[in-house]
Amino acid sequence: MRFIYNVTNTTKFLNQISEELGYQITGPTESVGWVNEAEFRGTLELVWTCVFTLFACLWASLHLNIPGPDDTECTKYLRKLKWTFLAATFPEVVVSVAFVNWWDTRRDVAMMKEHGFNWDKKLCAFVRMGGVWLRGKPGSESATDASLANQEKTKGTPLICTETDILRTLIQSRILDEDCLTRRVIDEKSKSDWVVKLIACWQALYFGIQCIGRWGSGLPLTALELSTVVFTTYALALYLLWWHKPVDVAMPVVFDVSQQALDHVWRHHDLSAPRSPWWTESFAWNNLKDTTSIEIRRIPNSFSSTGGLRRDICLYPMLLSSFLFSGLHFLAWNFDFPTKVEQDLWRLSCIIMAAEPPLSTLLYILGSRRQWFRLDFLLNGVWLISMILYVAARFYLIVEVFVCLRVMPAGCYQTVDWIGSIPHIG
Numbered sequence: 009m010r011f012i013y014n015v016t017n018t019t020k021f022l023n024q025i026s027e028e029l030g031y032q033i034t035g036p037t038e039s040v041g042w043v044n045e046a047e048f049r050g051t052l053e054l055v056w057t058c059v060f061t062l063f064a065c066l067w068a069s070l071h072l073n074i075p076g077p078d079d080t081e082c083t084k085y086l087r088k089l090k091w092t093f094l095a096a097t098f099p100e101v102v103v104s105v106a107f108v109n110w111w112d113t114r115r116d117v118a119m120m121k122e123h124g125f126n127w128d129k130k131l132c133a134f135v136r137m138g139g140v141w142l143r144g145k146p147g148s149e150s151a152t153d154a155s156l157a158n159q160e161k162t163k164g165t166p167l168i169c170t171e172t173d174i175l176r177t178l179i180q181s182r183i184l185d186e187d188c189l190t191r192r193v194i195d196e197k198s199k200s201d202w203v204v205k206l207i208a209c210w211q212a213l214y215f216g217i218q219c220i221g222r223w224g225s226g227l228p229l230t231a232l233e234l235s236t237v238v239f240t241t242y243a244l245a246l247y248l249l250w251w252h253k254p255v256d257v258a259m260p261v262v263f264d265v266s267q268q269a270l271d272h273v274w275r276h277h278d279l280s281a282p283r284s285p286w287w288t289e290s291f292a293w294n295n296l297k298d299t300t301s302i303e304i305r306r307i308p309n310s311f312s313s314t315g316g317l318r319r320d321i322c323l324y325p326m327l328l329s330s331f332l333f334s335g336l337h338f339l340a341w342n343f344d345f346p347t348k349v350e351q352d353l354w355r356l357s358c359i360i361m362a363a364e365p366p367l368s369t370l371l372y373i374l375g376s377r378r379q380w381f382r383l384d385f386l387l388n389g390v391w392l393i394s395m396i397l398y399v400a401a402r403f404y405l406i407v408e409v410f411v412c413l414r415v416m417p418a419g420c421y422q423t424v425d426w427i428g429s430i431p432h433i434g
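Using our numbering, read the sequence shown as starting at 9 and increasing by one per residue.
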């Protein structure tokens, strides 16, 4: 809060200087509908700036897992577009996925250090995102009769090594060299588009300066601008949680090992036991559970294989993200809306979104206790109704930020000249 206070005072100081230099606040002075661009910003510029900033920040912040070998460029593009849409509608879900990735990586780093391996977060994150495949050498003999039935299916077939612990076992068994995986190898495979990230970060910085500058000048913000600030905040959270995770890796590192090495993996690691977080359990594991008889092609982005991951670890980021989302939208409580009904619906939607996470947590706690088993059907019914209301409230906010532009206070289109002199896209 002190940071915002200091920035606001700085903005007021800049406004005073701009007035002395001849800069002015320009724009219409009455309530208006659609505003064409002239000497001040128009409706189209407002919408374009917000949508571009939102899409660029969310798109650049996504660090998805390695695609499957059969995925086309169109498939990879549509998958990232799907996750961008999810981040633009339910960002708390994507933040929770990123948090679990971060938590898993920290556990892997600690585990590797316990066994004498100086691996950092980037190496562990690369392995966890499906970056290392094991491929049985054709013609190698199996060490055990138990694996003979699957030898034809594993021979020459990539098998995703999803856990750092598996790679550690292979290194300690001298099946793989200790320096088989390095940061240099990962950096060569990572296609980090710094141009896109630079544009996204600069646009987000400009957008933040613009909003704070308008606030310091006494000009109103639109609900669309406030919502864009909210989603930009979530994009920043994704950047921080995925800071060490390689981005846009097209192909994994493939190690050719003997069939005996694959048998060693089967003996020492139970790859058929589901160990995914509570909220991805049915979604992710159905595609991975039968690893002894099918080819593993890709690690789903919502999948986590960390054993012993407590459900409350997954709940914490979900609750915090949901509270943050609803709390920031509460800032528009007294915004001017075209009608009183729309304003009341906005306020009601914020209340519903703030109340649903603790309600779901309470229902989860009650459902896990034996004395409440007889009311399980009732608890599920209450949870279902609360989720329907939550989704309806969320989509109302998303739609309303555009619908309310039909009638807005004139101050929303007034501009401070010195802000417009900052290079930006919009």
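We put the CB at the ideal spot given by N, CA and C, even for glycine. Quick caveat, the model's predicted, so the values are computed rather than measured.
In whole angstroms, give me the CA-to-CA distance for residue i and residue j.
i, j, result
"V193", "L178", "19 Å"
"V103", "Y242", "7 Å"
"T51", "T190", "50 Å"
"V117", "V135", "11 Å"
"F291", "G419", "At F291 the pLDDT is 30, less than 50, meaning the model places this residue with poor confidence; the figure from the coordinates comes in the next sentence. Cα to Cα, the separation comes out at about 47 Å."
"L336", "R222", "17 Å"
"W341", "Q351", "8 Å"
"L332", "F125", "38 Å"
"W83", "W354", "Looking at the sequence provided, one finds Thr at residue 83 rather than Trp. Distance between the alpha carbons of T83 and W354 is about 37 Å."
"G76", "R306", "5 Å"
"R143", "M259", "14 Å"
"I360", "A401", "7 Å"
"S235", "L62", "9 Å"
"D384", "V399", "22 Å"
"D153", "R182", "Note that D153 scores a pLDDT of 32, beneath 50, so its modelled location is shaky; the value from the coordinates is reported in the next line. Each residue's Cα considered, the two are about 23 Å apart."
"V55", "L387", "42 Å"
"W210", "G216", "10 Å"
"L392", "S368", "10 Å"
"A96", "K88", "12 Å"
"E408", "P308", "33 Å"
"V238", "D79", "33 Å"
"I25", "L246", "For I25, the predicted model reports a pLDDT of 38, less than 50, meaning its position is unreliable and no value from the coordinates is stated."
"G389", "L86", "34 Å"
"E149", "D271", "With a pLDDT of 45 at E149, under the threshold of 50, the modelled position of that residue is not reliable, and the figure given next carries that caveat. When rounded, the distance between both Cα atoms is 10 Å."
"Q218", "L374", "46 Å"
"Y324", "R115", "17 Å"
"F410", "Y214", "21 Å"
"L227", "F403", "27 Å"
"N73", "L206", "22 Å"
"L370", "S394", "12 Å"
"F60", "L229", "17 Å"
"E81", "Q267", "32 Å"
Note down, in chain order, each residue of its chain lying with its Cβ closer than 8 Å to the Cβ of residue i, except the 5 sequence neighbours on either side.
i, result
"L184", "L175, L178, F263, V265"
"L249", "V103, A106, F107, N109, W110"
"T113", "K129, C132, A133, R136, H252, K253"
"P366", "L327"
"H123", "R176, Q180"
"K121", "W127"
"L356", "A401"
Given residue i, which residues of its chain have a CB within under 6 Å of its CB, disregarding the five upstream and five downstream residues?
i, result
"H252", "K129, K130, A133"
"M326", "E100, S104"
"M416", "none"
"L244", "none"
"S334", "C358, M361, A362"
"H71", "W250, K253, V255"
Let me make sure I understand the geometry here. Which of the options has the alpha-carbon closest to that of residue i?
i, options, result
"I396", "E364, S225, V203", "E364"
"K197", "D271, L52, G139", "G139"
"V204", "I307, A231, D256", "D256"
"K348", "R182, C412, N309, L213", "C412"
"L339", "L405, F60, D271, F410", "L405"
"E53", "E233, G375, L72", "E233"
"S329", "F98, L72, I74, N73", "F98"
Just checking my contact of residue i with residue j at CB under 8 Å: how many whole Å lie between their CB atoms?
i, j, result
"D173", "M119", "7 Å"
"F343", "A231", "6 Å"
"Y372", "V43", "Not a contact, Cβ separation roughly 48 Å."
"A212", "T240", "5 Å"
For residue i, collect the residues of the same chain with a Cβ closer than 7 Å to its Cβ; drop the 5 residues on either side in sequence, then sort them by chain order.
i, result
"R49", "Y421, T423"
Would the C-beta of residue i count as close to the ligand ATP, meaning under 7 Å from any of its heavy atoms?
i, result
"T190", "No copy of the ligand ATP appears in this structure; indeed no ligand is present at all."
The segment 84 to 99 contacting the segment 61 to 71, beta-carbon criterion three pairs below 8 Å: yes
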